[in-house]
Amino acid sequence: MSPNDCIEARERISPYLQQTPMIKSDALEQILGYESPIYLKLECEQPTGSFKVRGAFNTLLQLDPHIEKVVAFSSGNFAQAVAFGSAKLHKKATIIMPKNAPQKKIDGTRNLGAEILFCGERHEDGELIVKELVEKEGYHALHPFNSYQTMAGQGTIALEILETNPQMKHFFSPVGGGGLLSGCATVFKAFNEAAVMYSVEPLGAHDFYESFQAKRHIAFEKTNTIADGLRAVSVGKLNYPILMSTVDKALAVTEERIIEAMRFLWKHHDLVVEPSGAVALAGFLSVHKGLQGEVVILVTGKNVDPESFTKWIEGK
Numbered sequence: 279m280s281p282n283d284c285i286e287a288r289e290r291i292s293p294y295l296q297q298t299p300m301i302k303s304d305a306l307e308q309i310l311g312y313e314s315p316i317y318l319k320l321e322c323e324q325p326t327g328s329f330k331v332r333g334a335f336n337t338l339l340q341l342d343p344h345i346e347k348v349v350a351f352s353s354g355n356f357a358q359a360v361a362f363g364s365a366k367l368h369k370k371a372t373i374i375m376p377k378n379a380p381q382k383k384i385d386g387t388r389n390l391g392a393e394i395l396f397c398g399e400r401h402e403d404g405e406l407i408v409k410e411l412v413e414k415e416g417y418h419a420l421h422p423f424n425s426y427q428t429m430a431g432q433g434t435i436a437l438e439i440l441e442t443n444p445q446m447k448h449f450f451s452p453v454g455g456g457g458l459l460s461g462c463a464t465v466f467k468a469f470n471e472a473a474v475m476y477s478v479e480p481l482g483a484h485d486f487y488e489s490f491q492a493k494r495h496i497a498f499e500k501t502n503t504i505a506d507g508l509r510a511v512s513v514g515k516l517n518y519p520i521l522m523s524t525v526d527k528a529l530a531v532t533e534e535r536i537i538e539a540m541r542f543l544w545k546h547h548d549l550v551v552e553p554s555g556a557v558a559l560a561g562f563l564s565v566h567k568g569l570q571g572e573v574v575i576l577v578t579g580k581n582v583d584p585e586s587f588t589k590w591i592e593g594k
């Protein structure tokens with residue numbers, strides 16, 4: 279994958295998706311005593327509430343026009359992205375979701391017109407059903423991260439950031455399967471080589487953190503975190519070499535730090551953000567004291583059950 283793939287992806291998806299807001303966080307600067315600008319890139323403002331719609335559209339728009347049925351395994355945000363894109367492009371979408379997926383994401387996917395089939399909590403359970411539908415019913419499988427088309431779609435975020443913040447020094451992104459940061463880091467390292475790339479994961483699903491330290495591709499047997507969008511047991515085979523060549527620092531954060539970041543975004547910016555969407559900010563909060571220079575932090579999703587959000591924000 280090259281930066282040109284992301285540039286082409288932006289042209290491809292722009293008729294369907296608008297540029298997301300970038301806001302300066304005076305609150306973060308003042309509370310932390312940080313002397314350079316801090317910006318939040320609000321991918322939570324996408325029509326499906328998550329950045330995933332970029333990669334889904336870029337992939338769907340490159341399919342053979344004769345392909346009418348698509349299938350994907352997702353805990354929720356890619357599910358909604360595929361459902362949304364498929365509805366716009368008049369394709370049938372079937373989504374395999376783990377039985378412990380948040381109800382808000384289940385409802386959102388169903389309301390966008392996709393058929394949902396439930397599986398066990400392991401990624402392997404979902405992938406087996408995807409494989410069966412491809413082989414027996416002629417579906418075309420879409421992958422939420424282990425796909426160059428998906429990565430290129432997510433990389434369009436970096437192109438937008440560079441237009442307004444070409445002097446960015448530090449970039450914080452969550453990592454689940456690695457599609458988001460693979461795409462963005464490819465762009466940043468091509469056009470702003472001095473920018474420092476930070477991968478952030480929750481403890482309990484920090485397989486890339488362990489891979490980064492060991493310099494080998496590590497997969498967990500299972501993951502355990504409130505950040506349901508980041509529960510992949512490993513980054514993708516295609517994502518791993520890209521991440522290893524572009525990420526400068528890998529971070530892992532506690533559940534408490536993630537909730538702290540969610541509270542901050544709610545209190546100071548009136549943003550309802552899911553745990554996965556606040557992980558990048560949690561990473562910045564854990565290392566900010568040693569940093570200098572302009573910061574951009576991805577806020578990646580807002581699809582959280584209201585009851586859970588209230589519980590976390592109020593500390594119950």
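As numbered in the working numbering, residues 279 to 594 make up the sequence shown, in order. Backbone N, C-alpha and C define an ideal beta-carbon position, used for all residues, glycine too. Nothing here was measured: the structure is a model prediction, and the numbers come from that model.
Check, Outcome
"Tell me which same chain residues have a C-beta within less than 7 Å of the C-beta of L306, skipping the five on either side of it?", "Y312, I316"
"Just list the residues that DSSP pairs K527 with in beta bridges.", "Y476"
"Would you say Q296 lies against chain D (beta-carbon separation less than 9 Å)?", "The structure shown contains no chain D; it holds only a single protein chain."
"In whole angstroms, what is the alpha-carbon distance linking D283 and K447?", "23 Å"
"Rounded to whole angstroms, what's the CA-CA distance from P553 to I536? Just pull it up for me.", "6 Å"
"Go through the stretch 436 to 489 residue by residue and report every complete run of the beta strand (DSSP E) that reaches 3 residues or more, in order.", "448 to 452, 474 to 480"
"Looking at the unbroken alpha helix (DSSP H) that takes in V348, where does it start and where does it end?", "Element bounds for V348: not the alpha helix (DSSP H) but the beta strand (DSSP E), 347 to 351."
"With C-beta atoms as the reference, is V513 less than 9 Å away from F423?", "yes"
"Expressed to the nearest angstrom, what Euclidean distance is found between the alpha-carbon atoms of V412 and D403?", "15 Å"
"Give every residue of the same chain whose Cβ lies closer than 6 Å to the Cβ of I337, excluding the five residues on either side of it in the sequence, and list them in chain order.", "Reading off the sequence, residue 337 comes out as Thr, not Ile. Taken in chain order, the residues that qualify are L420, Q427, T428."
"Comparing alpha-carbon positions, which option in G454, V573, L563 lies nearest K515?", "G454"
"Considering only DSSP beta bridges, list what C397 is partnered with.", "P376"
"Taking 8 Å as the threshold, find out whether the stretch 436 to 445 comes into contact with the stretch 289 to 303 through three or more Cβ pairs.", "yes"
"Taking the alpha-carbon of I291 as reference, which of R509, L339, L320 has the nearest alpha-carbon?", "L339"
"Run the CB neighbour count on N443, radius 10 Å, all protein chains shown included, and call it buried at 16 or more, exposed below.", "buried"
"Answer yes or no: do L569 and A558 have a C-beta to C-beta separation smaller than 9 Å?", "no"
"Taking the alpha-carbon positions, what's the T524 to G398 distance?", "34 Å"
"Hey, which unbroken runs of the alpha helix (DSSP H) at 4 residues or more fall wholly within the stretch 401 to 427?", "401 to 415"
"So, under 8 Å CB-CB, M540 and V551 are touching, yes? Tell me the CB distance rounded to an integer number of Å.", "6 Å"
"Which value, in whole angstroms, describes the spacing of the CA atoms of G333 and I301?", "23 Å"
"Can you tell me whether DSSP reads Y294 as helix, strand or coil?", "coil"
"Taking the continuous beta strand (DSSP E) assigned at I504, which residues delimit it?", "Counting along the chain, I504 falls outside any beta strand (DSSP E), and DSSP gives it neither H nor E."
"Closer than 8 Å is the cut-off here; do at least three beta carbon pairs connect the stretch 378 to 393 with the stretch 345 to 358?", "yes"
"Whose CA, out of A528, D485, F490, F587, lies closest to the CA of R509?", "D485"
"Are the CB atoms of G457 and S425 nearer to each other than 9 Å?", "yes"
"I need the DSSP call for V360, collapsed to helix, strand or coil.", "helix"
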